[in-house]
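Step one of this worksheet: look at the structure below.
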Amino acid sequence: MRHRPSVAAAALAVALVACAGRRTAPEPVAPALVVFENQTLFEATVFATARGGVPRRVGIVAPNRTQTLALKGDVLAAGGAGGVTITARLLADRRTPTTGPITMRPGDRFRVTLPTAANILSVVPDAPSPSP
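Residues -20 to -1, 1 to 112 in mature numbering (1 follows the signal peptide of the UniProt record, and there is no 0) are what the sequence shown spells out, letter by letter.
What follows is the structure, encoded as structure tokens:
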């Protein structure tokens, strides 16, 4: 009869392991991509803001350059419901053009252009570049 407590403890341990089940890592979520084209003579710091959220810096784009920026995490999660607004803060300039809300989902790709006048950001859906 002395072995009953250890047998009961072993049975409880086996039951707990069986009930816990297998845990799998969450599947990675593809980011939304923003191809940001800066046609100005100013460096642009690019921010993404989900509706009611805090602006998050997503990258810096040099003058007359194009860069692909990834949006993920809480900015992207809130972007499907209320939209994501892209803002460019220009170095040595007071202007901060914005896009207005854009509905973004994982895997989406948009082209955002900051023209030489630096007064507006234009947005169009963008297709991925063909692979060689």
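Each residue gets a CB set at the ideal place from its N, CA and C atoms; glycine is no exception. Remember, predicted model here, so these are calculated numbers, not experimental data.
{"query": "Tell me, to the nearest whole angstrom, how far the beta carbon of residue 65 is from that of residue 13; I am working on the premise that it is less than 8 Å.", "result": "Contact flag wrong, Cβ pair sits at about 16 Å."}
{"query": "Kindly indicate which three-state DSSP category residue 51 falls into: helix, strand or coil?", "result": "strand"}
{"query": "Tell me which residue opens and which closes the beta strand (DSSP E) that residue 108 is part of.", "result": "Unbroken run through residue 108: none, as it is neither H nor E."}
{"query": "Can you list, in chain order, the residues of its chain whose CB lies under 6 Å from that of residue 15, leaving out five sequence neighbours each side?", "result": "48, 91, 106"}
{"query": "Just the C-alpha distance for residue 40 and residue 73, rounded to the nearest angstrom, thanks.", "result": "15 Å"}
{"query": "Kindly list the residues whose CB is nearer than 8 Å to the CB of residue 35, restricted to its own chain and excluding five residues on each side of it in sequence; keep chain order.", "result": "27, 28, 29, 67"}
{"query": "To which residues does DSSP link residue 66 through a beta bridge?", "result": "28"}
{"query": "Quick one: Cα of residue 50 to Cα of residue 96, how far?", "result": "24 Å"}
{"query": "Quick one, which of 99, 9, 103, 102 has its alpha-carbon nearest residue 53's?", "result": "9"}
{"query": "List the endpoints of the continuous beta strand (DSSP E) containing residue 13.", "result": "12 to 18"}
{"query": "Residue ranges of each beta strand (DSSP E) run of no fewer than 3 residues wholly in the segment 82 to 106, ordered along the chain?", "result": "89 to 94, 102 to 105"}
{"query": "Only counting the same chain, and skipping five residues up and downstream in sequence, which positions put a Cβ closer than 7 Å to that of residue 19?", "result": "44, 93, 94, 95, 96"}
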